[in-house]
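In my numbering, the protein residues as written are 162 to 833. All residues carry an ideal CB built from backbone N, CA and C; glycine is no exception. Reading through the structure tokens given below for one structure.
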Amino acid sequence: MPNRYHALSSLLAALLLTISINSNAQVNSAVHSETDLFDLNLTELMNVVIETSSKKKQRVANTAAAIYVISNEDIRRSGATNIPELLSPVPGIEVARLNGSTWAITSRGFNTQFANKLLVLIDGRSVFSPMFSGVFWDLQMPFLEDIEQIEIIRGPGASVWGSNAVNGVINIITKHSGDTDGGLAIVGAGNEQKGFTRLRYGDRLGDMSYRSYLQAYRHDSSIDAESGDDSHDDYENYQLGSRVDIYSGDNQYSLTGELYRTKKNNNAALSEQVKDLTPELSDSNHSLGGFLLANWTQKLSQGNEHILKVYYDWLDRKDSTFSYEQQTLDIDYHINLKEIRKHQFSLGLNFRHIEDEMEGSYAFSLQDSKKSLNDYTAFIQDEICLSPQVSATVGIKLEQTDFTGFEYQPSARILWHPNKHTTLWGSASRAIRTPSRGGKDFIIRNGVDSGIDIPAGAIVTGELVGSDDFDSETLFAYEIGFRQQLTKSIYLDLSTFFHDYKNLRTFNAKGTVVNLPYITQTFEYGNDAKGSSSGAELMTEYKISMDWKLTLTYTYFNFIADPDDGHSGIGVVAFEEQSPEHRAFLKSQHNISDQLQLDIMLKHFGKLPDDDIDAYNDIDISIHWRVTDDIKLGLVGSNLVEKSRVEFQDKIQGPYRTEVERSIYASLEYLF
């Protein structure tokens, strides 16, 4: 690991040094060019360009999917200091904070610390962990001001992106380095955000542009919900990175590199017996990692587009109960062909190689501590123009995985424009969630609510083990959506869905071993349940004036589990009550003057019966004052109604039940 770290450090240092040698000595002032969606009229909102739905650029109005876009201006005005806070008001997306550094984020249900049916990408680079089947959100801290937009697809994206893009895809797209000329410095601090610094400098050198950045972030610990004391789960993140873009004729090249380090304290909720048998248990968590991402895009005069993306990603993580190292090499090529006889094809191939190794403990280990995995995929998609008002898109993703063999994921979508202000769309898709490494090999031990009569003084431990027979979960999804500019000042976007799940993950009882005073109950990963979910997701925008805009988002969600005969459905039934039935956000964005902006967001979350968490309402307020063209001050308050509250609890080796506190911070931004 140290050699690999030094090698990646050297590559990134060389990249930064090359840039420094070739850059101008004089630092030029720059006013950043931004696409401000606040300035767009509602008709232009339908013309916002996205790329996540089909791996090619297309207008929102021509997208037959439930899509939501967070713009750079939304990010700037929100006062958010991380990605989860930005995602919170998105319809269909559930965001809950477990403690100072840990989040539960999902799309359309199945929320846990590692939500296994949501694929998350940064510039097309997957940050989904195949070991844990989810995302380490404490590691995903892109430089917020460098984000062009965040595209969120609710519902399957598997026919394009492959397995695990089951209930949604989030793609964080960063800016071209040519759009970040000049220098930027941001500092801030508050009661929860103990301190953060973001520094960036970019410039152009002929056909080449670049930016380099570093950032540091510290977050305070939360409150232990039982004792009311400090929960000692504070968090630190440090990053150093750079990006270079080069134009050469029809070709565009980019190279991005980043190193990061995190440190946090994370009190795993373990029983006293498991703690006693885990002498290596530590409350300290350290992560070290980085990536190199290279892109080549060729746009030919006849209309064809070739895109090659290669990245290398590595992570060395030391958690409370395990040490884990992973390396990933991913090679992706796809081509978007010009339209021929009303057909426009996209085709692609992907190869991914993953190596991992874990040193576990009594509480958390693997049956096979070291493994190498290969994944081969191909996709084809055809967008068919049926008439000037109607188009259809059919596609399929084919996969060959080491865990489950051959998999296929097709989709069919249709879109109708009855007039220039209205879009109607529908879709039918099949998507799969492949087993994680853990689902095959985990051995997890903790205290358990046994549900059986036990002798006085007996200590019950649950043991959850992976299984070679654990297979893919399957979704058949059906969606209908509607977008319309109702008036010059009102825009409406409504999506409805029905999801039919097969072979859902369950934890099946396999027996009980009694060796008093110890009783061990063993559970095994299985696929012995079905389920269905339905819901509606609404976004409406009302532009009161050129300086004032209201945005309402609302989500209704319902999930019903159906365990197979003879099975209890442990591991899936809890999801019936682990997502709120209703969620709503009302956001006001008001330019009070050319210098002063006021943003207010009202929030409602429904109750979570499984976690014994009541419904709650809250408010966030963000104020930004542009003192000069180069200096801006900010004051941001979040969760202002209550002093603290519990938002979520993960019962499989998550942190202790903690309360998230009210947050207030001030910031200073300087352009140079």
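Give the DSSP bridge partners of residue i, in chain order.
{"i": "residue 160", "result": "For residue 160 there is no data in the structure shown, the boundaries of the chain being 162 and 833."}
{"i": "residue 267", "result": "255"}
{"i": "residue 447", "result": "424, 479"}
{"i": "residue 567", "result": "561"}
{"i": "residue 817", "result": "None; residue 817 has no bridge partner."}
{"i": "residue 786", "result": "757, 794"}
{"i": "residue 470", "result": "456, 493"}
{"i": "residue 523", "result": "DSSP, once it has assigned bridges, lists no residue as partnering residue 523."}
{"i": "residue 356", "result": "379"}
{"i": "residue 608", "result": "622"}
{"i": "residue 644", "result": "584, 654"}
{"i": "residue 275", "result": "For residue 275, which the question treats as bridged, DSSP gives no partner whatsoever."}
{"i": "residue 637", "result": "591, 661"}
{"i": "residue 327", "result": "DSSP lists no partner for residue 327."}
{"i": "residue 217", "result": "Bridge partners of residue 217: none, in fact."}
Taking 9 Å as the cut-off, decide whether the C-beta atoms of residue i and residue j are in contact.
{"i": "residue 822", "j": "residue 384", "result": "yes"}
{"i": "residue 260", "j": "residue 392", "result": "yes"}
{"i": "residue 774", "j": "residue 746", "result": "no"}
{"i": "residue 373", "j": "residue 403", "result": "yes"}
{"i": "residue 238", "j": "residue 781", "result": "no"}
{"i": "residue 458", "j": "residue 511", "result": "no"}
{"i": "residue 517", "j": "residue 487", "result": "yes"}
{"i": "residue 596", "j": "residue 565", "result": "yes"}
{"i": "residue 279", "j": "residue 328", "result": "yes"}
{"i": "residue 713", "j": "residue 748", "result": "yes"}
{"i": "residue 667", "j": "residue 727", "result": "no"}
{"i": "residue 269", "j": "residue 220", "result": "no"}
{"i": "residue 491", "j": "residue 286", "result": "yes"}
{"i": "residue 590", "j": "residue 571", "result": "yes"}
{"i": "residue 465", "j": "residue 336", "result": "no"}
{"i": "residue 294", "j": "residue 594", "result": "yes"}
{"i": "residue 545", "j": "residue 581", "result": "no"}
{"i": "residue 400", "j": "residue 826", "result": "no"}
With a threshold of 16 other CB atoms inside 10 Å of the CB of residue i, please say whether the residue is buried or exposed.
{"i": "residue 776", "result": "exposed"}
{"i": "residue 310", "result": "buried"}
{"i": "residue 495", "result": "buried"}
{"i": "residue 578", "result": "buried"}
{"i": "residue 619", "result": "exposed"}
{"i": "residue 743", "result": "exposed"}
{"i": "residue 736", "result": "buried"}
{"i": "residue 569", "result": "exposed"}
{"i": "residue 387", "result": "exposed"}
{"i": "residue 833", "result": "exposed"}
{"i": "residue 179", "result": "Because residue 179 carries a pLDDT of 43, less than 50, the predicted location of this residue cannot be relied on, and no value is offered for it."}
{"i": "residue 274", "result": "buried"}
{"i": "residue 838", "result": "Nothing in the structure corresponds to residue 838, since the chain is present only between 162 and 833."}
{"i": "residue 323", "result": "buried"}
{"i": "residue 724", "result": "buried"}
{"i": "residue 702", "result": "buried"}
{"i": "residue 478", "result": "buried"}
{"i": "residue 754", "result": "exposed"}
{"i": "residue 435", "result": "buried"}
{"i": "residue 706", "result": "exposed"}
{"i": "residue 816", "result": "buried"}
{"i": "residue 778", "result": "exposed"}
{"i": "residue 389", "result": "exposed"}
{"i": "residue 325", "result": "buried"}
{"i": "residue 547", "result": "exposed"}
Taking residue i and residue j to be in contact with their CB atoms under 8 Å, please state how far apart those CB atoms are, rounded to whole angstroms.
{"i": "residue 796", "j": "residue 829", "result": "Contact flag wrong, Cβ pair sits at about 11 Å."}
{"i": "residue 414", "j": "residue 456", "result": "7 Å"}
{"i": "residue 281", "j": "residue 331", "result": "5 Å"}
{"i": "residue 506", "j": "residue 543", "result": "5 Å"}
{"i": "residue 607", "j": "residue 623", "result": "6 Å"}
{"i": "residue 365", "j": "residue 343", "result": "Incorrect: roughly 10 Å between the Cβ atoms, too far for contact."}
{"i": "residue 820", "j": "residue 769", "result": "In fact, because the Cβ distance is near 14 Å, the residues do not count as touching under 8 Å."}
{"i": "residue 850", "j": "residue 663", "result": "Any question about residue 850 goes unanswered here, given that the chain covers just 162 to 833."}
{"i": "residue 210", "j": "residue 217", "result": "Not a contact, Cβ separation roughly 10 Å."}
Inset, instruction - Say whether the region 433-453 touches the region 405-418, bearing in mind that this needs 3 or more beta-carbon pairs closer than 8 Å, one atom from each stretch. - result: yes
Inset, instruction - Would you check if there are 3 or more beta carbon pairs closer than 8 Å linking the region 472-484 to the region 495-506? - result: no
Legend entry - Inter-stretch contact at 8 Å, needing at least 3 Cβ pairs: the region 691-698 / the region 713-720: yes
Inset, instruction - Please determine if the region 627-635 and the region 595-610 are in contact, where contact requires at least 3 C-beta pairs separated by less than 8 Å. - result: yes
Legend entry - Three or more C-beta pairs below 8 Å linking the region 423-440 and the region 354-363: no
Legend entry - Contact between the region 248-256 and the region 217-231 (3+ Cβ pairs under 8 Å): yes
Inset, instruction - Indicate whether the contact test is met: 3 or more Cβ pairs, each with one atom in the region 757-772 and one in the region 783-791, closer than 8 Å. - result: yes
Inset, instruction - Could you say if the region 653-660 and the region 670-688 meet the contact criterion of at least three C-beta pairs nearer than 8 Å? - result: no
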